[in-house]
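In order, the protein sequence lines correspond to chains A and B.
Count the first sequence with the working numbering and you get residues 1 to 377, in order.
Count the second sequence with the working numbering and you get residues 378 to 754, in order.
Let me begin by presenting the structure, written as structure tokens, before commenting on it.
Protein chains: 2
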Amino acid sequence: MKPRLMAPGPTPVAPETLLAMARPAFHHRTPAFRELFHEVNEGLKYLFQTENPVLTFAGSGTGAMEAAVSNLLCQGDQALVVRGGKFGERWGEICEAYGVNAACLDVEWGEAVNPDDIANALDENRDIKSVHTTLCETSTATLTDIKAVGAVVKDTGAVLVVDAISALGGDELRADDWHVDCVIAGSQKGLMLPPGLSFISVSSKAREAVERSTLPKYYFSIERALDSYEKDDTPWTPAVSLVVGLGETLRTIREEGIDNVFARHARLAMATRAGMTGMGLDIFSKSPANIVTAVKMPQGVDGLKVLSSLRDDLELTPAGGQAKLKGKIIRIAHLGYVDDFDVVTAVSALELALLRNGAAVKPGSGVAAVQEAFAGV
Amino acid sequence: MKPRLMAPGPTPVAPETLLAMARPAFHHRTPAFRELFHEVNEGLKYLFQTENPVLTFAGSGTGAMEAAVSNLLCQGDQALVVRGGKFGERWGEICEAYGVNAACLDVEWGEAVNPDDIANALDENRDIKSVHTTLCETSTATLTDIKAVGAVVKDTGAVLVVDAISALGGDELRADDWHVDCVIAGSQKGLMLPPGLSFISVSSKAREAVERSTLPKYYFSIERALDSYEKDDTPWTPAVSLVVGLGETLRTIREEGIDNVFARHARLAMATRAGMTGMGLDIFSKSPANIVTAVKMPQGVDGLKVLSSLRDDLELTPAGGQAKLKGKIIRIAHLGYVDDFDVVTAVSALELALLRNGAAVKPGSGVAAVQEAFAGV
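Put into structure tokens, the structure is as follows:
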């Protein structure tokens with residue numbers, strides 16, 4: 001089989017982008033780099049749907065998450081962390097590492113937080129300085145209603161920080177319209193690049209928090225990055241080849257149009273879910289995201305074996321379940337450089353892998369449902 | 378002209394490496410990645426000349442410098458920082474950001490620290506927990522005698538941390554033999570890759586400091602990285618395409634042999650210095666490194682104009698002087714994927730750029746001296 005990457009990051013990189021990144025190395029303290037970086041920064045604003053600066057770090061997404069804690073808060077500050085999976089937990093861990101008192105709003109894995117619960121928590125504790133959540137909680141393929149959360153947080157003293165690492169450029173997010181102060185993203189997802197870049201947008205409310213913050217930071221200093229940003233520059237050596245690739249992929253996103261990008265992911269997700277339910281499976285999340293679908297393994301079927309069939313026999317790489325979901329779900333992404341026939345292939349592979357592991361699935365039921373879904377829209 | 382990159386980082390990347398990094402994306406939580414990472418980690422040990430773990434971060438060199446402070450020290454700790462240029466100053470800034478009391482051993486720019494001065498400082502203050510210096514202070518092209526510094530620090534309670542970002546894989550460094558506890562490196566120098574990876578080796582003495590340290594850290598946590606390292610893994614998403622390139626370049630370093638790598642850089646540096654003095658110029662540093670040469674501009678010649686001639690007219694990118702050396706020196710690197718004829722070209726270009734800017738240089742005097750130097754060895 002041909003190798004196929006259908007995990008919620010890293011996602012496939014278009015051959016054109018791979019070859020663009022293979023251009024000869026050039027120096028970053030040059031007009032050529034600043035020109036590219038200026039274009040990239042404008043493209044990021046479009047992707048994030050913001051007029052605020054979007055800072056680019058060399059480093060993976062967790063680094064930008066840490067930046068949101070170390071740059072916005074002080075030791076002993078109160079924060080509110082929505083925790084409904086592995087990435088919500090990471091917010092709690094980072095707060096703990098910095099001596100920030102994180103109150104955790106625990107949500108059943110696979111369910112989305114109720115924005116009213118955030119409103120109540122903020123109402124009960126007016127000292128809360130920041131709210132940390134995810135656009136898509138990747139570990140459970142669950143989408144948060146960030147628009148509703150933003151409406152709840154905007155008139156409080158807290159900044160809203162959204163880990164959109166896996167979902168930006170797939171699930172809808174409009175940073176300014178939805179009042180998100182910091183949106184965090186990574187390169188290896190909807191941005192269709194290899195891993196190695198992370199991003200954070202900074203609203204004026206977030207800037208005020210930055211000025212107040214006394215936690216130690218250096219490499220991920222938002223203040224330093226903002227100073228350089230004004231000059232289309234970076235405080236430290238940028239990951240030049242990835243920034244070259246970013247220029248390419250942002251151009252393709254602009255050409256497709258952000259609303260079309262959102263609509264494409266919605267269509268692919270709908271067809272994937274149709275294919276899975278068509279073969280008699282249940283979708284895990286009660287609030288499924290459009291960038292990845294988590295499907296429950298049927299009773300008596302070992303999810304780890306299905307995963308192994310997909311990976312080793314069929315050479316299609318999805319993601320399995322993490323922590324308490326290990327062996328219980330399979331997560332198939334439809335994110336980034338992906339089209340309808342990738343969904344047909346993924347559902348076909350899942351069907352075959354289930355059949356090889358003794359599941360009572362009618363051959364063709366999944367792909368037929370996918371075809372029906374695509375034919376209907 | 379063809380564009381030529383001769384700055385002390387980023388350095389040229391071999392076309393073979395560029396194309397290797399253009400291979401299709403693959404997932405990092407797989408046996409294929411772990412196998413590659415295992416090979417890379419063995420290659421890094423060879424390059425660093427250590428039996429200790431060498432950790433790889435997605436991020437540029439400054440991030441690994443920060444890791445050395447935030448992971449080895451506590452707030453209020455005493456550190457000794459050797460400051461003879463821009464990168465020595467960076468050590469001081471990072472310590473300050475973390476509330477570490479850095480005593481700065483100021484050295485004239487262009488001179489190397491006297492190891493006796495480090496010995497005296499450590500003797501006067503037994504509370505010093507760490508010594509921070511550079512292998513090559515890139516801003517002045519000056520080499521530190523790390524072997525001698527290591528001999529001085531090894532029997533004290535302090536850990537020795539060396540920023541070898543620009544010089545590793547060029548100037549000689551033997552981490553274990555020379556008793557360096559943490560060697561820091563970056564991908565875009567002697568490792569002949571684009572920027573985006575940084576490295577830190579961790580001795581057992583450094584590990585003890587890690588266990589004692591209470592400063593906040595998360596993304597650059599050495600403890601987390603060591604835990605994953607044992608499984609040929611990384612705590613956060615690695616910069617996969619750069620790691621693929623790293624596999625390639627470490628293979629070429631092993632094939633050439635580390636002693637041959639050191640000898641090649643020594644020969645290129647010798648010929649470069651011969652070319653520069655051959656055209657009547659003075660070498661800036663009193664302890665010149667083998668990876669980059671800083672040359673003084675002759676009286677009455679504007680270094681910024683020479684730099685512009687090189688960059689804009691001749692399309693060869695060196696580095697200029699930084700801070701107080703702006704306009705006064707030109708730095709030409711001979712580092713990484715570079716051979717004898719790159720030195721001939723660089724000296725030829727410098728000669729022509731000087732002539733265009735009114736310097737009294739005899740045409741051909743530089744390149745003739747380079748030829749003589751190469752012919753003699």
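A virtual CB, placed ideally from N, CA and C, is assigned to each residue, including glycine.
Contact with chain A by B/VAL715, beta-carbon distance below 9 Å:
Taking Cβ atoms only, chain A never reaches closer than 9 Å to B/VAL715, which makes this a no.
In the stretch 38-110 of chain A, which residue ranges form an unbroken beta strand (DSSP E) of at least 3 residues, counting only runs that do not cross its ends?
Within the stretch 38-110 of chain A, the complete beta strand (DSSP E) segments at least 3 residues long are 54-58, 78-83 and 101-106, listed from N- to C-terminus.
Residues within the stretch 675-709 of chain B neighbouring chain A, beta-carbon criterion of under 7 Å
Within the stretch 675-709 of chain B, the residues whose Cβ lies closer than 7 Å to some Cβ of chain A are THR694, listed in chain order.
Residue span of the alpha helix (DSSP H) that contains B/ILE523, given as start and end
If you look at B/ILE523, you'll find it in the alpha helix (DSSP H) that goes 523-530.
Run the CB neighbour count on B/PRO387, radius 10 Å, all protein chains shown included, and call it buried at 16 or more, exposed below.
The residue in question, B/PRO387, is buried, as its Cβ has 16 or more Cβ neighbours within 10 Å.
Please list the terminal residues of the continuous beta strand (DSSP E) segment that includes A/LEU160.
From DSSP, the beta strand (DSSP E) with A/LEU160 extends over 159-163.
Could you please give me the residues that DSSP links to B/ALA710 through a beta bridge?
In the DSSP output, where bridge partners are listed per residue, B/ALA710 has B/VAL669.
Boundaries of the alpha helix (DSSP H) in which B/LEU396 is found, first to last residue
Start and end: 392-398.
Between A/ARG23 and chain B, is there a C-beta pair that is closer than 9 Å?
Yes, its Cβ sits closer than 9 Å to a Cβ of chain B.
Closer than 9 Å to chain B by CB, A/VAL210:
Chain B, which has no Cβ nearer than 9 Å to the Cβ of A/VAL210, makes this no.
Beta-carbon proximity list for A/SER348, same chain, < 8 Å, skipping 5 on both sides
Counting only Cβ-Cβ distances below 8 Å, and skipping sequence neighbours, we find GLY366 and VAL367.
Identify every residue that forms a DSSP beta bridge with A/LEU197.
A/LEU197 is bridged to A/ALA58.
Could you name the residues of chain B that A/LYS217 contacts, counting a contact when the two beta carbons are closer than 8 Å?
Residues of chain B with a Cβ closer than 8 Å to the Cβ of A/LYS217 are, in chain order, ALA474.
Can you tell me where the alpha helix (DSSP H) with B/SER685 in it begins and where it stops?
Residues 680-685.
Please list the partners that B/ILE471 has in chain A, where partner means a Cβ-to-Cβ separation under 8 Å.
Within chain A, the residues near B/ILE471 are TYR218.
Which whole-angstrom value describes the C-beta separation of A/LEU246 and A/SER203, a residue pair presumed to lie in contact below a C-beta threshold of 8 Å?
Taking a contact as a CB-CB distance under 8 Å, the pair A/LEU246 and A/SER203 does not count as one, their CB atoms being some 22 Å apart.
Could you spell out the range, first to last residue, of the alpha helix (DSSP H) harbouring A/LYS205?
Here the alpha helix (DSSP H) through A/LYS205 covers 204-212.
Touching by the beta-carbon criterion (3+ pairs, under 8 Å), the stretch 147-154 of chain A and the stretch 336-356 of chain A:
No: the two stretches stay apart, fewer than three of their Cβ pairs being nearer than 8 Å.
Assuming B/THR629 is part of the beta strand (DSSP E), what are its boundary residues?
No beta strand (DSSP E) holds B/THR629; the alpha helix (DSSP H) holding it covers 617-633.
Any beta-carbon of chain B closer than 9 Å to the one on A/PHE57?
Yes, contact with chain B.
Got a sec: is the Cβ-Cβ distance from A/GLN49 to anything in chain B below 9 Å?
The beta carbon of A/GLN49 sits no closer than 9 Å to any beta carbon of chain B.
Please report the residue range of the alpha helix (DSSP H) in which B/GLY743 lies.
For B/GLY743, the enclosing alpha helix (DSSP H) has its first and last residue at 742-752.
Opposing strand residues paired with B/GLY697 [DSSP bridges]
For B/GLY697, which the question treats as bridged, DSSP gives the partners B/ILE707.
The stretch 53-69 of chain A in contact with the stretch 198-215 of chain A per 3-pair CB rule at 8 Å
When Cβ pairs closer than 8 Å are counted between the two stretches, the stretch 53-69 of chain A is seen to touch the stretch 198-215 of chain A, the count reaching three or more.
Using a Cβ cut-off of 7 Å, which residues of the stretch 597-622 of chain B contact any Cβ in chain A, in chain order?
Residues are counted here when their Cβ sits less than 7 Å from a Cβ of chain A; for the stretch 597-622 of chain B these are TRP613, THR614, PRO615, ALA616, VAL617, SER618 and LEU619, given in chain order.
Per-residue DSSP class, three states only, for A/VAL361:
If DSSP states are grouped into helix, strand and coil, A/VAL361 belongs with coil.
For B/ALA752, does the count of other Cβ atoms within 10 angstroms reach 16, so buried, or fall short, so exposed?
B/ALA752 should be labelled exposed.
If you draw a straight line from the alpha carbon of B/ALA474 to that of A/TYR218, how long is it in whole angstroms?
The straight-line gap from Cα to Cα measures roughly 7 Å.
Just to make sure I have the definition right: I need the residues of chain B whose C-beta is within less than 9 Å of the C-beta of A/GLY43. Which are they?
Near A/GLY43 there are no residues of chain B at all, since even the closest Cβ is about 19 Å away, more than 9 Å.
Taking A/ASN120 as the reference, give the member of A/ALA103, A/GLU66, A/CYS136 and A/TRP109 with the closest Cα.
Comparing alpha-carbon positions, the option among A/ALA103, A/GLU66, A/CYS136 and A/TRP109 lying closest to A/ASN120 turns out to be A/ALA103.
Nonlocal neighbours in the same chain, by C-beta distance under 7 Å from A/VAL306, ignoring five residues either side
For A/VAL306, where only same-chain residues beyond five positions count, the Cβ hits under 7 Å are MET297, ILE330, ALA353, LEU354 and ASN357.
Could you give the DSSP three-state label for A/LEU143: helix, strand or coil?
In the three-state reduction of the DSSP assignment, A/LEU143 falls in the strand class, which pools E and B.
In whole angstroms, what separates the C-alpha of A/ARG273 from that of A/GLY88?
Answer to the nearest angstrom: the Cα atoms are 24 Å apart.
Counting only C-beta atoms, is A/GLU66 closer than 9 Å to chain B at any point?
Closer than 9 Å to some Cβ of chain B, the Cβ of A/GLU66 qualifies, so yes.
Put A/THR134 into one of helix, strand or coil per three-state DSSP.
A/THR134 falls in the strand class under three-state DSSP.
Is the beta carbon of B/PRO695 less than 9 Å from the beta carbon of B/LEU645?
Taking 9 Å as the Cβ cut-off, B/PRO695 and B/LEU645 do not qualify as a contacting pair.
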